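Q: Residue numbers (the numbering used here): 1 to 258. Beta carbons: idealized from backbone N, C-alpha and C, even for Gly. Values in this document were obtained by computation on a predicted structure and should not be read as measured data.
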Ligand SMILES: [Zn+2]
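Set out below in structure tokens:
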């Protein structure tokens, strides 16, 4: 375990998984429950460009705009940060300063963010499936692409079907990312989404694919989808690279927004 990840794990008590997750990080990720929220944390990038990324999932919010606006005050932490929100998921990207960041500081900041979040976003019911209308008991989290979920077996299958449908829609509407994918907020995000999908599926040639697939969909649909994404590569090969927080966000969204 990389030193900083280990420190954060010790401070937060979140367990470490050897899983690149939405962060596509070789350092693995931390994922689990904190204050009723499902939190995944990873370190992204290299050297000066290293960032701490956190994907925080909550049950619901009444006002996404107010929730996102309330995160503004955290942007000054270590000289800038980025917050993006989609549905039940908040993605935080905190640039790591050259010196002085440690697990304790990151954990303090995370807890401040969670306290602010708690004013506007309802946490999950631990022990209950998060599936819409489902009250099945769930005793542990499931990682879906490194994102923590409280989800029962039946809902996993239902969600896998919906994700497959999203992929199919995306692939059959090449001229319109916004309709084909799941964003309605602009070209930059859509481009990020495309590159997230590409980088997610295409960059590993060392056997990581099977690990990723095992993490995303323990239900066998993924292989067909991966093949379809490969076939679709020509449509989106000219998309320019996006920033780390953008692709983390999009990668997170792709598998958590249902
Ligand atoms: Zn369920």
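Identify whether residue 62 lies in helix, strand or coil by the three-state DSSP scheme.
A: Residue 62 sits at position 62 when you count from the first residue of the chain shown. Residue state, collapsed to three classes: coil.
Q: Tell me whether the beta-carbon of residue 19 lies closer than 8 angstroms to the beta-carbon of residue 29.
A: Residue 19 sits at position 19 when you count from the first residue of the chain shown. Residue 29 sits at position 29 when you count from the first residue of the chain shown. Yes, the pair counts as a contact, with Cβ atoms nearer than the cut-off.
Q: Can you name, in chain order, every residue of its own chain whose Cβ lies under 7 angstroms from the Cβ of residue 10, other than the five neighbours on each side?
A: Here the question's residue 10 lines up with position 10 in the chain shown. 103, listed in sequence order.
Q: Using only the alpha-carbon positions, how far apart do residue 88 and residue 152 sit?
A: Along the chain shown, read from residue 1 onward, the residue named residue 88 stands at position 88. Along the chain shown, read from residue 1 onward, the residue named residue 152 stands at position 152. Rounded to whole angstroms, residue 88 to residue 152 spans 18 angstroms at the Cα level.
Q: Would you identify the three-state DSSP class for residue 130, choosing helix, strand or coil?
A: Within the chain shown, residue 130 is the residue found at index 130, counting from 1. Three-state result, residue 130: coil.
Q: Would you report the Cα separation of residue 81 and residue 150, rounded to the nearest angstrom?
A: Against the chain shown, residue 81 aligns to sequence position 81. Against the chain shown, residue 150 aligns to sequence position 150. Rounded to whole angstroms, residue 81 to residue 150 spans 28 angstroms at the Cα level.
Q: Does the structure place the region 63 to 77 close enough to the region 126 to 136 that three or more beta carbon pairs sit under 8 angstroms?
A: No: fewer than three Cβ pairs fall under 8 angstroms.
Q: Would residue 59 pass as a contact of residue 122 if the rule is Cβ separation under 8 angstroms?
A: On the chain shown, position 59 is the one that residue 59 refers to. On the chain shown, position 122 is the one that residue 122 refers to. In this structure, residue 122 lies closer than 8 angstroms to residue 59 by Cβ.
Q: Where does residue 168 land, buried or exposed, given buried means 16+ other C-beta within 10 angstroms?
A: Reading the chain shown from its first residue, position 168 is the one you call residue 168. Burial call: exposed.
Q: Go through its chain and collect everything with a Cβ distance to residue 207's Cβ below 8 angstroms, but skip five positions before and after it.
A: Stepping through the chain shown from its first residue, residue 207 is reached at position 207. At residue 207 the pLDDT is 36, less than 50, meaning the model places this residue with poor confidence; the figure from the coordinates comes in the next sentence. Around residue 207: no qualifying Cβ.
Q: To the nearest angstrom, how far is the alpha carbon of residue 147 from that of residue 163?
A: Locating residue 147 in the chain shown gives position 147, where the first residue counts as 1. Locating residue 163 in the chain shown gives position 163, where the first residue counts as 1. Taking the straight line joining both Cα atoms gives about 15 angstroms.
Q: Report yes if the C-beta distance between residue 118 and residue 35 is below 8 angstroms; otherwise report no.
A: As a position in the chain shown, residue 118 is number 118, starting the count at 1. As a position in the chain shown, residue 35 is number 35, starting the count at 1. Yes, Cβ-Cβ distance for residue 118 and residue 35 is below 8 angstroms.
Q: Here's the rule: buried if 16 or more other CB atoms are within 10 angstroms of the residue's CB, otherwise exposed. What is residue 157?
A: As a first step, residue 157 is located in the chain shown; it is residue number 157 there, counting from the start. So residue 157 ends up on the exposed side.
Q: Within a Cβ cutoff of 6 angstroms, which residues of the same chain sit near residue 136, ignoring the five residues on either side of it in sequence?
A: The count along the chain shown starts at 1 and reaches residue 136 at position 136. Taken in chain order, the residues that qualify are 129, 152.
Q: Please tell me whether, using a cut-off of 7 angstroms, the distance from the CB of residue 147 to the nearest non-hydrogen atom of ligand 1 is below it.
A: Your numbering for residue 147 matches position 147 in the chain shown. Checking the Cβ of residue 147 against ligand 1 gives no.
Q: Just the Cα atoms here: how many angstroms apart are residue 56 and residue 22?
A: Position 56 of the chain shown holds residue 56. Position 22 of the chain shown holds residue 22. Cα-Cα distance, rounded: 12 angstroms.
Q: Bridge partners for residue 84 per DSSP, in chain order?
A: Taking the first residue of the chain shown as position 1, residue 84 is located at position 84. DSSP, once it has assigned bridges, lists 91 as partnering residue 84.
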